[in-house]
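Here the structure is laid out as structure tokens; the discussion comes afterwards.
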DNA sequence: GTGAGGAACTAGCGCGCGCAAGTAACGTTT
DNA sequence: AAACGTTACTTGCGCGCGCTAGTTCCTCAC
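Chains as they are written, first to last, in UniProt numbering: chain A, 1 to 332; chain B, 1 to 332.
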């Protein structure tokens with residue numbers, strides 16, 4: 001093997017041999033290893049030769065020798081991947097990239113039978129944007145992962161301060177509505193978030209002197225949405241705060257097909273300001289959510305777990321804003 | 001190290017030592033290695049002891065020793081992740097899992113600066129559901145990956161036979177429409193697919209004796225959709241075949257806000273049968289696409305590339321079906 | 001002059017696995 | 001009886017890296 005062929009990978013030993021120095025020196029240069037002093041001349045020679053020979057670190061060798069895969073696995077719920085979430089992922093990916101880690105996103109299939117990625121990849125840390133599902137943390141631990149974020153054993157801390165439903169209810173009250181319903185989603189994938197938003201909507205109602213809001217979880221069908229509308233209107237409801245824009249759209253569509261005139265007969269406000277909200281006729285009032293900075297925060301959490309770095313400052317503030325459109329109107 | 005502590009991983013050597021056999025034998029059992037004959041008694045002892053000790057293969061060691069990461073990277077375009085695509089991914093994941101591979105999905109961020117995952121993971125094969133973007137194949141090759149699917153150097157073969165637009169046009173013609181426009185999407189992420197569907201719609205028009213369809217790519221805004229509607233109606237267009245349901249919804253919403261009565265004044269048909277299509281008022285006619293089997297096909301392609309398995313049979317037939325709803329009506 | 005510390009490297013083991021080449025015993029065939 | 005093939009294992013090298021412990025030389029302070 002006196003000549004490097006184009007089919008065998010270049011190793012640090014090849015660089016060392018080529019320059020007449022030790023392989024360890026090559027490694028210290030390539031990793032900029034703290035605590036080692038390498039002359040500028042040698043460092044330059046190594047970096048130039050690595051580039052000339054087309055050296056690529058063998059990540060399996062590195063992982064084996066160091067005991068770390070440098071993979072951060074981000075478990076995503078089976079939610080729509082919207083623009084905000086995509087940006088968050090890229091932010092996190094970039095921050096971790098700078099620290100030498102690979103961010104991999106993974107959405108476990110709800111009824112899938114494939115072995116979960118945390119078993120196949122042996123990541124250094126597994127993060128989730130929502131609390132781990134029942135049994136999930138145990139499965140991850142059984143796969144040898146010791147760093148889970150959020151920590152399943154930590155006391156249930158403050159959740160993201162979902163202020164959107166508060167804004168929904170306040171806006172409807174400001175329009176004069178006093179009998180308001182909360183429409184959740186029957187999709188089991190988002191049950192926790194639905195419950196959270198329902199609770200926040202009720203918090204706001206209480207603070208504004210209203211009784212607890214009547215509430216149902218609906219399927220995105222005319223039948224389901226129509227039933228809920230019938231029940232609520234019979235109870236005198238004049239406005240609906242919907243879990244998200246899809247639920248709002250299902251309600252508005254069903255209401256129109258039932259012969260209602262919206263928003264005269266019924267006001268409906270959605271959440272999340274998806275593109276659908278501005279295409280629907282009438283255009284849907286909604287709540288927009290700005291999650292800038294969340295990705296960097298998550299990356300900071302991951303790095304603090306694997307590298308004994310300090311915890312990042314408190315998470316970013318989610319900014320919500322009301323987007324009034326034609327699906328809501330003052331009462332009467 | 002005479003006693004295994006709970007903090008050190010269990011290795012094949014531990015099993016071997018415990019049973020008084022060689023580590024190679026342990027490996028042959030755990031991998032069910034072809035060409036090796038191991039007694040049933042020994043195999044059982046090894047498997048039991050591995051389970052008892054909590055053995056987990058060290059994937060970095062395996063990758064280093066075998067020269068293969070057993071990772072298949074699936075590059076996804078920045079498209080919405082709909083139900084069909086999710087199912088395809090799970091199918092592929094399951095098929096690859098059974099062969100001992102990990103499927104990782106990766107959507108490169110359009111303006112991201114993070115190092116691409118094919119550099120960080122050194123996958124055995126990189127697959128894409130669309131032709132590789134300019135420069136992408138080169139970047140993947142530079143990262144040491146030699147197996148790319150589709151092969152960037154292969155002659156441009158048959159694309160998926162997009163029959164949806166044909167169905168759209170045929171349906172509108174069957175309703176009596178003779179002046180039909182094609183509405184594309186201005187979203188650069190889907191430019192190729194828009195062009196393909198436009199061409200297929202024109203193929204159908206030609207085959208039905210119609211002239212080439214007037215066509216614009218619209219943003220999902222009232223202004224953009226409204227402009228297109230104005231121009232087309234002025235040219236006598238009575239029906240629109242839209243690239244997808246979002247485009248159709250933007251047109252319908254804008255048309256309604258312009259004071260049109262749909263579908264009396266204008267018929268619109270979408271594509272992909274998303275949930276939005278059945279919530280909108282009027283409910284949107286559309287084309288449903290059934291992609292069952294595509295995931296398994298992709299997995300078969302990957303396995304044929306890395307394991308010298310035979311190529312899978314021809315890809316699954318995408319079944320499209322017309323879903324007539326209230327956004328389309330006979331002319332006049 | 002001596003000793004300590006720093007610069008600039010080196011030698012080499014270990015990480016945990018895959019697997020080629022090998023060994024010993026036994027059974028079958030010539 | 002000898003040769004061959006099969007069964008059921010074993011020995012041990014290599015994969016490519018991280019990094020500890022070490023060496024040699026030089027400089028500076030006392």
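Even glycine gets a Cβ: it sits at the ideal position worked out from N, Cα and C.
As the structure is a computational prediction, the values presented were derived from the model and not from experiment.
Give me the Cα-Cα distance between residue i and residue j, rounded to the nearest whole angstrom.
{"i": "residue 222 of chain A", "j": "residue 186 of chain B", "result": "31 Å"}
{"i": "residue 294 of chain B", "j": "residue 219 of chain A", "result": "28 Å"}
{"i": "residue 373 of chain B", "j": "residue 68 of chain A", "result": "In this structure chain B extends from 1 to 332, so residue 373 of chain B is not present and cannot be described."}
{"i": "residue 206 of chain A", "j": "residue 75 of chain A", "result": "35 Å"}
{"i": "residue 99 of chain B", "j": "residue 298 of chain B", "result": "13 Å"}
{"i": "residue 237 of chain B", "j": "residue 174 of chain A", "result": "44 Å"}
{"i": "residue 241 of chain B", "j": "residue 172 of chain B", "result": "8 Å"}
{"i": "residue 329 of chain A", "j": "residue 191 of chain B", "result": "39 Å"}
{"i": "residue 311 of chain A", "j": "residue 162 of chain B", "result": "51 Å"}
{"i": "residue 107 of chain A", "j": "residue 134 of chain A", "result": "15 Å"}
{"i": "residue 95 of chain B", "j": "residue 304 of chain B", "result": "12 Å"}
{"i": "residue 335 of chain A", "j": "residue 179 of chain A", "result": "Only positions 1 to 332 of chain A appear in this structure, which leaves residue 335 of chain A out of reach."}
{"i": "residue 33 of chain A", "j": "residue 27 of chain A", "result": "8 Å"}
{"i": "residue 217 of chain B", "j": "residue 315 of chain A", "result": "40 Å"}
{"i": "residue 5 of chain B", "j": "residue 17 of chain B", "result": "Confidence is the limiting factor: at residue 5 of chain B the pLDDT is only 40, short of 50, which leaves the residue's position unreliable, though a coordinate-based value still follows. So the two alpha carbons sit approximately 15 Å from each other."}
{"i": "residue 300 of chain B", "j": "residue 143 of chain B", "result": "24 Å"}
{"i": "residue 14 of chain A", "j": "residue 292 of chain B", "result": "48 Å"}
{"i": "residue 264 of chain B", "j": "residue 251 of chain B", "result": "14 Å"}
{"i": "residue 278 of chain B", "j": "residue 323 of chain B", "result": "10 Å"}
{"i": "residue 130 of chain B", "j": "residue 21 of chain A", "result": "46 Å"}
{"i": "residue 188 of chain A", "j": "residue 87 of chain A", "result": "25 Å"}
Tell me whether residue i is buried or exposed, calling it buried when 16 or more other Cβ atoms sit within 10 Å of its Cβ.
{"i": "residue 197 of chain A", "result": "buried"}
{"i": "residue 12 of chain B", "result": "buried"}
{"i": "residue 40 of chain B", "result": "exposed"}
{"i": "residue 231 of chain A", "result": "exposed"}
{"i": "residue 327 of chain B", "result": "buried"}
{"i": "residue 49 of chain A", "result": "buried"}
{"i": "residue 8 of chain A", "result": "exposed"}
{"i": "residue 228 of chain B", "result": "buried"}
{"i": "residue 151 of chain B", "result": "exposed"}
{"i": "residue 35 of chain B", "result": "exposed"}
{"i": "residue 164 of chain A", "result": "buried"}
{"i": "residue 176 of chain A", "result": "exposed"}
{"i": "residue 3 of chain B", "result": "Bear in mind that the predicted position of residue 3 of chain B carries a pLDDT of just 36, short of 50, making it too unreliable to give a figure here."}
So, residue i versus residue j, is the Cβ gap smaller than 8 Å?
{"i": "residue 102 of chain A", "j": "residue 71 of chain A", "result": "yes"}
{"i": "residue 104 of chain A", "j": "residue 85 of chain A", "result": "no"}
{"i": "residue 270 of chain B", "j": "residue 245 of chain B", "result": "yes"}
{"i": "residue 281 of chain A", "j": "residue 253 of chain B", "result": "yes"}
{"i": "residue 19 of chain A", "j": "residue 45 of chain A", "result": "yes"}
{"i": "residue 285 of chain A", "j": "residue 320 of chain A", "result": "no"}
{"i": "residue 125 of chain B", "j": "residue 302 of chain B", "result": "yes"}
{"i": "residue 266 of chain B", "j": "residue 239 of chain B", "result": "yes"}
{"i": "residue 90 of chain A", "j": "residue 114 of chain B", "result": "yes"}
{"i": "residue 166 of chain B", "j": "residue 243 of chain B", "result": "no"}
{"i": "residue 306 of chain A", "j": "residue 147 of chain A", "result": "yes"}
{"i": "residue 170 of chain A", "j": "residue 204 of chain A", "result": "yes"}
{"i": "residue 128 of chain B", "j": "residue 182 of chain B", "result": "no"}
{"i": "residue 78 of chain A", "j": "residue 116 of chain A", "result": "no"}
{"i": "residue 296 of chain B", "j": "residue 92 of chain B", "result": "yes"}
{"i": "residue 25 of chain B", "j": "residue 37 of chain B", "result": "no"}
{"i": "residue 283 of chain A", "j": "residue 325 of chain A", "result": "yes"}
{"i": "residue 64 of chain A", "j": "residue 154 of chain B", "result": "no"}
{"i": "residue 331 of chain A", "j": "residue 276 of chain B", "result": "no"}
Task: Segment contact, 8 Å Cβ cut-off, at least three pairs: the region 250-267 of chain A with the region 55-68 of chain A - done: no
Open item on the list: Three Cβ pairs or more, each shorter than 8 Å: is that satisfied between the region 116-126 of chain A and the region 125-144 of chain B?
Closed with: no
Open item on the list: To be precise: take each residue of the region 216-239 of chain B, compare its Cβ to all Cβ atoms of chain A, and keep it if any distance is under 7 Å. Which residues remain?
Closed with: 220
Task: Contact set between the region 32-60 of chain A and chain B, restricted to residues whose Cβ is under 8 Å from the partner - done: 56, 58, 59, 60
TODO: Could you list the residues in the region 113-124 of chain B with a C-beta less than 9 Å from some C-beta on chain A, going in chain order?
DONE: 113, 114, 115, 117, 119, 120, 121, 122
Open item on the list: By the 7 Å beta-carbon criterion, what residues does the region 88-100 of chain A contribute toward chain B?
Closed with: 90, 93, 94, 97
Open item on the list: Please identify, using Cβ separations under 7 Å, the residues of the region 68-79 of chain A that lie next to chain B, in order along the chain.
Closed with: 69
- [ ] Mind checking the region 163-196 of chain A against chain B and listing, in chain order, the residues whose C-beta falls within less than 8 Å of any C-beta there?
- [x] none
Open item on the list: Any C-beta of chain B within less than 8 Å: which residues of the region 263-289 of chain A qualify?
Closed with: Identification of residues in the region 263-289 of chain A having a C-beta nearer than 8 Å to some C-beta of chain B yields 275, 276, 278, 279, 280, 281, 283, given in sequence order.
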